[in-house]
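Visitor: Numbering (this note's numbering), first residue to last: -10 to 194. Glycine included, every Cβ here is placed at the ideal spot set by N, Cα and C. Sharing a structure here in structure tokens format.
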């Protein structure tokens, strides 16, 4: 595929930033594990609430539509019996409603299952802390550990010109997504080659 050159970033820059951030998390975990765990718990709980709200909203819309389809089918049947709707038209519309009803039934079941499974997200903080502990023991970033810790890394457009060029990235972690660690108010700047720096967001805008 193609890539916008303004979003290009060297692999060594990514590695440096990830190492810096994981070391910062490790220091935070070592200095106050209870506060670190509470921070992750709050993040997890917030994500659960937001996800639950979105899922329940979608479930409500699907349930309402399912009821509406049932009402439309009932009226169609009555109109067919009374002669207002031909048998051919009844067959076409009834098939359409039945297909939609089955799709809604499947979606409603899926939404209910996802809502019921939200409780498993509570375990995410423990899994993340466990992965950070393994990093602390190894003090190096291996490919398996990277896959276990990092979900994705967002690369922003390069800003500035010449020697003042900078680029921001944001790390999204497995299990918890993006999280702010309240230790450092300044963003990281990592020089990867002459004239190019990478700025890492330590706090959201």
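#1: So, at 7 angstroms on beta carbons, what are the nonlocal neighbours of residue 25 in its own chain, with the 5 sequence-adjacent residues on each side left out?
#2: What is the DSSP secondary structure of residue 150, reduced to helix, strand or coil?
#3: Give the secondary structure of residue 21 by DSSP, where H, G and I count as helix, E and B as strand, and everything else as coil.
#4: Do residue 165 and residue 117 count as a contact pair if the criterion is CB distance below 7 angstroms?
#5: Taking only three categories from DSSP, how would you classify residue 33?
#6: Applying the criterion that 16 or more other CB atoms from any shown protein chain within 10 Å of the CB defines a buried residue, is residue 143 buried or exposed?
#7: With a threshold of 6 angstroms on Cβ separation, who are the neighbours of residue 112 within its own chain once the five nearest residues in sequence on each side are excluded?
#8: Quick check on residue 115 - is its C-beta less than 7 angstroms from some C-beta in chain D?
#9: Exposed or buried, residue 136, counting other C-beta atoms within 10 Å across all chains shown (16 or more means buried)?
#10: May I ask you to report which of helix, strand or coil DSSP gives residue 7?
#11: Got a sec? Which residues, its chain only, sit under 7 angstroms from residue -6 by beta carbon, not counting five neighbours each side?
#12: So, helix, strand or coil for residue 104, using DSSP?
#13: Let me know the secondary structure DSSP gives residue 46 once reduced to three states.
#14: Using the Cβ count rule (16 or more neighbours within 10 Å means buried), how would you classify residue 91?
#15: Rounded to a whole number of angstroms, what is the C-alpha to C-alpha distance between residue 121 and residue 85?
#16: Where residue 81 and residue 40 are concerned, what is the direct C-alpha to C-alpha distance, given to the nearest angstrom?
Guide: This is what the structure holds:
#1: 17 and 18
#2: If DSSP states are grouped into helix, strand and coil, residue 150 belongs with coil.
#3: Here residue 21 sits in coil by DSSP.
#4: Going by beta carbons, residue 117 and residue 165 fall inside the 7 angstroms limit.
#5: helix
#6: Around the beta carbon of residue 143, fewer than 16 other beta carbons sit within 10 angstroms, so the residue counts as exposed.
#7: Once the five neighbours on either side are set aside, residue 112 has no close Cβ partner at all.
#8: The displayed structure is made up of one protein chain only, and chain D is not part of it.
#9: Flag for residue 136 reads exposed.
#10: Note: residue 7 maps to helix in three-state DSSP.
#11: Confidence in residue -6 is poor, its pLDDT being 44 and thus under 50, which makes the residue's placement too unreliable to answer from.
#12: helix
#13: helix
#14: exposed
#15: 52 angstroms
#16: In this model, residue 81 and residue 40 are separated by some 38 angstroms (Cα to Cα).
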